[in-house]
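Read in numbering that gives the first Met the number 0, the sequence shown has 168 at position 169, and its numbers run on one by one without any break. Even glycine gets a Cβ: it sits at the ideal position worked out from N, Cα and C. A short write-up of the structure that comes next.
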Amino acid sequence: MVGVLAAVVVSPLLLAQTAPPSGAATAIPDLSGIWERRGMGPRPEPGLGSDGAPEFGLLKEAPPMLPWAKQKYDAVRNGALRNPYDKALDAFDPGQSCFPHGPTRLFTNPRPFEIRQLPGMVFFLFEFDHWVRRIYLDGRGHPDGYPITWMGHSIGKYEGDTLVVDTVNVNDRAWVDAMGIPHSTDLHIVERFRRVDPKTLEVTFLFDDPKTFTKPWTVIRLFKLQPPDYEVMEHVICEDWLEMGTKR
């Protein structure tokens with residue numbers, strides 16, 4: 000696996016990590032490039048991608064949810080599916096009203112994203128409506144009193160060939176995925192990004208939210224590397240809606 004050389008950075012996530020001797024260095028896994036969801040080819044059945052996973056969701060079945068969350072989820076899956084206007088309705092889709100998609104729903108979108116690895120930080124640059132995620136790798140923790148935001152606050156570290164990202168403080172109006180999985184502001188997300196072969200990125204998502212889910216749950220999604228001349232294009236769907244006079 001191709002890697003780049005950098006000093007080890009320690010971040011207090013879920014497990015303590017022993018610091019290497021002063022001046023030691025390690026190979027950081029190269030996750031850079033433009034990635035697109037696998038499963039965007041011919042579909043085996045409606046609602047599924049070519050890999051058999053949900054076309055715009057993370058799971059085929061509902062995750063283990065508390066009653067209030069299941070009610071909201073069912074309102075989206077079994078009702079009119081999307082209501083972009085009335086924020087009081089369970090089926091209200093924030094994405095349809097140009098609100099940010101949150102840190103994980105963006106990965107269920109068919110448009111690609113780019114990973115940029117810098118010293119002390121990783122950027123995720125999404126083509127969909129030009130959203131950006133910043134992952135701090137400089138050893139900081141989650142700050143006390145940090146505001147609730149649509150993307151939350153993300154810190155990370157490298158564990159061997161894997162980038163581990165820890166995210167909290169996510170706005171509870173965002174959905175976990177495009178199929179309407181809700182959450183509270185207590186949501187805790189751990190993502191593990193690993194290049195399983197030169198052209199495949201594996202992302203393992205762990206969701207823990209005692210106010211929404213009856214237990215933590217995990218799902219894995221795969222993304223394929225795009226050619227070197229591929230570009231993340233400009234995508235301004237909300238601006239386009241406004242130009243067309245669409246009410247959002």
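Q. Is Ile147 buried or exposed, if buried means 16 or more other CB atoms sit within 10 Å of its CB?
A. exposed
Q) Shortest alpha-carbon distance to Glu233 belongs to which of His152, Asn170, Arg139 and Leu124? A) Leu124
Q | Continuous alpha helix (DSSP H) stretch holding Tyr72: start and end | A | If you look at Tyr72, you'll find it in the alpha helix (DSSP H) that goes Pro66 to Asn77.
Q | Three-state secondary structure (DSSP) of Gly155 | A | strand
**Q.** Distance, Arg133 Cα to Glu60 Cα
**A.** 30 Å
Q. So what does DSSP say about Gly32, is it helix, strand or coil?
A. Looking at Gly32 - three-state DSSP - the assignment turns out to be strand.
Q. Per DSSP, what kind of secondary structure is Thr211 in: helix, strand or coil?
A. coil
Q. Where does Asp128 sit, in a helix, a strand or coil, going by DSSP?
A. helix
(Q) From the DSSP secondary-structure annotation, give me the bridge partner or partners of Met120. (A) DSSP, once it has assigned bridges, lists Leu117 and Tyr135 as partnering Met120.
Q) Using the rule of at least 16 other Cβ atoms within 10 Å of the residue's Cβ for burial, across every protein chain shown, is Arg139 buried or exposed? A) exposed
**Q.** Inter-residue spacing [alpha-carbon to alpha-carbon] between His129 and Val235
**A.** 7 Å
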